[in-house]
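> Input: one structure, supplied below.
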Amino acid sequence: MADNKLYEILGVTRSSSDSEIKRSYHKLAKEFHPDKNPEAGDRFKEISYAYEVLSDPKKRQTYDKYGLKGLQEGGQGGGFPPDDLFGGFFGDIFGMGGGSRGGRGRGRGPVRGEDTIHPLKVSLETMYNGKTSKLQLSKNVICGPCKGVGGKPGAVVPCKDCHGQGIKVSYQQIGPNMTRQFQSRCPTCQGQGETINDKDKCPKCKGKKVLNETKILEVHVEKGMRDHQKIFFRGEGDQQPDTEPGDVVIVLQQKPHDVFQRTNDDLVMKHEITLTEALCGFEFVVKHLDGRDLLVKHLPGEVIKPGDLKGIQGEGMPLYKNPFEKGNLYIKFDVIFPENNFASEEQMKLIEGILPPRPAFVMPTGEDVEEVNLMEYTASDRNRGREEAYASDDEEQMHAGPGVQCAHQ
55 MADNKLYEIL GVTRSSSDSE IKRSYHKLAK EFHPDKNPEA GDRFKEISYA YEVLSDPKKR
115 QTYDKYGLKG LQEGGQGGGF PPDDLFGGFF GDIFGMGGGS RGGRGRGRGP VRGEDTIHPL
175 KVSLETMYNG KTSKLQLSKN VICGPCKGVG GKPGAVVPCK DCHGQGIKVS YQQIGPNMTR
235 QFQSRCPTCQ GQGETINDKD KCPKCKGKKV LNETKILEVH VEKGMRDHQK IFFRGEGDQQ
295 PDTEPGDVVI VLQQKPHDVF QRTNDDLVMK HEITLTEALC GFEFVVKHLD GRDLLVKHLP
355 GEVIKPGDLK GIQGEGMPLY KNPFEKGNLY IKFDVIFPEN NFASEEQMKL IEGILPPRPA
415 FVMPTGEDVE EVNLMEYTAS DRNRGREEAY ASDDEEQMHA GPGVQCAHQ
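Residue numbers (this note's numbering): 55 to 463.
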């Protein structure tokens, strides 16, 4: 069984982030601080110790693998020995009672294996409607015939070259009375710390202790799940002897959609309309992620301007764990204007008579008034204009000649 006592003290889980652990600690420390709650001194010490361990990445990793006993034996419990601080609280965990520090020789619990991370690409339709998919994974499992021993009973012996440590230590002379120590994986046992004669190896796993098998997992993508959200399969990771299997962690990766973009629980789409539709109203149909056809209407006279954003309440993404509530659907409009000379002069006068009047224009008078013509603008025109301007400047400097100075009187 995994040791979760420190997580329980802070009211968090093994999967909680560092920021979640920190927030929970500050909340509890404020509530049980001796200055505010004099009778909660022991409780405050428990909270402080739990946070000291779980806020330190190395200590947290040691605790996750070996539990509180591993922290004690590894000397990573900081300056607060658990038994002395908590008395019977941790005494009950170790079966020591009364805060006794006995039982050190009982050994550590099983090491926890690494988690297996697997990305899963899902469509926006799947995140909207929910779906259960079957995922095929390859994993290591304990060999059944030898029960993870690797060979016949008694066939596994400590490696003679590394004395069961799995590593070999060598030294190099680097100066007078100075040597440097090196550690490397033992080549004889490949770092396992034990060896098996070929004739005694398990015929099924060939002494590897594990076999590879295919596992089918049913991954249930719930409505409203988001990009990079994780789905955990506890204990479904690779198996190794004397090791607690890690988890299989499915990480959702949302695929791009042709129509909709997701922003938290809202959906955003773009739609083009003509100038006539922008002025005189329109109707169009949106095919939603669940297959429904949404009829969108806009009344004549309610003008849509380029870039306008209109919303439809309750037609966004369903909320995770509360799928009957939904975000909103927003439509961003792009107005397509007609080409030049789309109407005759008489038609233009009719249109002008319908539209709001032009602003009043007063013609300036004088000799400085000059009429100019508009032309189509492109980026190449702008660059060419700059080049011509620079060339003109260079030409003026060239004609001016070098060393032109004012004459001294």
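The beta carbon of each residue, even a glycine, is placed where N, CA and C say it ideally should be. From a predicted model like this one, the values you see are computed outputs, not experimental measurements.
1) Which same chain residues, not among the five before or five after Glu80, have their C-beta less than 6 Å away from its C-beta?
2) Following the continuous alpha helix (DSSP H) through Asp72, name the residue where it begins and the one where it ends.
3) Grab me the residues of Asp344's own chain with a C-beta within less than 7 Å of its C-beta, minus the 5 sequence neighbours each way, in chain order.
4) Can you tell me which of Arg234, Lys112, Leu306, Pro410 puts its alpha carbon nearest to the alpha carbon of Ser224?
5) Are Val357 and Leu348 close, meaning C-beta to C-beta below 8 Å?
6) Would you identify the three-state DSSP class for Arg346, choosing helix, strand or coil?
7) Spell out the partners DSSP gives Pro212 in its beta bridges.
8) How would you call Lys123, buried or exposed, if buried means at least 16 neighbouring beta carbons within 10 angstroms?
9) Cα-Cα, which of Gly121, Gly208, Glu93 is closest to Arg68?
10) Buried or exposed, going by whether 16 or more other CB atoms sit within 10 Å of the CB of Gly300?
11) Buried or exposed: where does Glu421 fall if 16 or more other Cβ atoms within 10 Å of its Cβ makes it buried?
12) Give me, in chain order, the residues of the same chain whose beta-carbon lies closer than 7 Å to that of Gln219; leave out the 5 immediate sequence neighbours on both sides.
13) From the DSSP secondary-structure annotation, give me the bridge partner or partners of Ser192.
14) Measuring alpha carbon to alpha carbon, tell me which residue in Ser71, Asp72, Glu93, Lys99 is nearest Ala83.
15) Identify the continuous beta strand (DSSP E) that holds Ser238 and give its terminal residues.
16) So, with DSSP's three-state summary, where would you put Gly129?
17) Identify whether Pro173 lies in helix, strand or coil by the three-state DSSP scheme.
18) Should Met371 be labelled buried (16 or more other beta-carbon atoms within 10 Å of its own) or exposed?
19) Tell me whether Gln293 is buried or exposed, calling it buried when 16 or more other Cβ atoms sit within 10 Å of its Cβ.
20) Under the assumption that Glu298 contacts Gly167 (Cβ atoms under 8 Å), give the Cβ distance between them as a whole number of angstroms.
21) For Asp388, count the other beta carbons within 10 Å of its own beta carbon; 16 or more makes it buried, fewer makes it exposed. Which is it?
22) Can you list, in chain order, the residues of its chain with a C-beta nearer than 7 Å to that of Ile63? Leave out the 5 residues immediately preceding and following it.
Looking at the atomic coordinates:
1) As a position in the sequence shown, residue 80 is number 26, starting the count at 1. Sequence inspection shows His at residue 80; the Glu mentioned does not correspond to that position. Cβ neighbours of His80 beyond the five flanking positions: none.
2) As a working note, residue 72 is residue 18 in the sequence shown. First-last of the alpha helix (DSSP H) with Asp72: 72–86.
3) Numbered from its first residue, the sequence shown carries residue 344 at position 290. Apart from sequence neighbours up to five positions away, the residues of its chain that approach Asp344 with a beta-carbon distance below 7 Å are Tyr182, Asn183, ordered along the chain.
4) As a first step, residue 224 must be located in the sequence shown, where it is residue number 170. Selected option, being the one with the closest Cα: Arg234.
5) Taking the first residue of the sequence shown as 1, we reach residue 357 at position 303. Taking the first residue of the sequence shown as 1, we reach residue 348 at position 294. In this structure, the beta-carbon distance from Val357 to Leu348 does not fall below 8 Å.
6) As a first step, residue 346 must be located in the sequence shown, where it is residue number 292. Assignment of Arg346 by DSSP, reduced to helix, strand and coil, places it in the coil class.
7) The residue labelled residue 212 in the question sits at position 158 within the sequence shown. For Pro212, which the question treats as bridged, DSSP gives the partners Glu248.
8) The residue you call residue 123 lines up with position 69 of the sequence shown. Residue environment for Lys123: buried (at least 16 other C-beta atoms within 10 angstroms of its C-beta).
9) Position 14 of the sequence shown, counting from 1, holds the residue named residue 68. The residue among Gly121, Gly208, Glu93 with its C-alpha nearest the C-alpha of Arg68 is Gly121.
10) As a working mapping, residue 300 is identified with position 246 in the sequence shown. Label assigned to Gly300: buried.
11) Stepping through the sequence shown from its first residue, residue 421 is reached at position 367. Under a 10 Å Cβ-count criterion, Glu421 is classified as exposed, with fewer than 16 other Cβ atoms of the shown protein chains found around its own Cβ.
12) Residue mapping note: residue 219 aligns to position 165 of the sequence shown, counting from 1. Gly247, listed in sequence order.
13) In the sequence shown, counting from the first residue as 1, residue 192 sits at position 138. DSSP links Ser192 through a beta bridge to Thr268.
14) Counted from its first residue, the sequence shown places residue 83 at position 29. Across the set Ser71, Asp72, Glu93, Lys99, the C-alpha of Lys99 shows the shortest separation from the C-alpha of Ala83.
15) For this step, residue 238 is matched to residue 184 along the sequence shown. DSSP places Ser238 in the uninterrupted beta strand (DSSP E) bounded by 232–239.
16) Walking along the sequence shown from the start, residue 129 turns up at place 75. Model confidence at Gly129 stands at a pLDDT of 49, short of 50, so the residue's coordinates are unreliable and nothing is read from them.
17) Locating residue 173 in the sequence shown gives position 119, where the first residue counts as 1. Under the three-state reduction of DSSP output, Pro173 falls in the strand class.
18) Within the sequence shown, the letter at position 317 stands for residue 371. Result: buried.
19) Looking up residue 293 in the sequence shown gives position 239. Flag for Gln293 reads buried.
20) Start at 1 with the first residue of the sequence shown, and residue 298 comes out as number 244. Start at 1 with the first residue of the sequence shown, and residue 167 comes out as number 113. A Cβ-Cβ distance of about 6 Å is found for the pair Glu298 and Gly167, placing them in contact under the 8 Å criterion.
21) Start at 1 with the first residue of the sequence shown, and residue 388 comes out as number 334. With fewer than 16 Cβ atoms within 10 Å of its Cβ, Asp388 is classed as exposed.
22) Residue numbering aside, residue 63 sits at position 9 when the sequence shown is read from its first letter. Only Glu100, Ile101, Ala104 meet the Cβ criterion.
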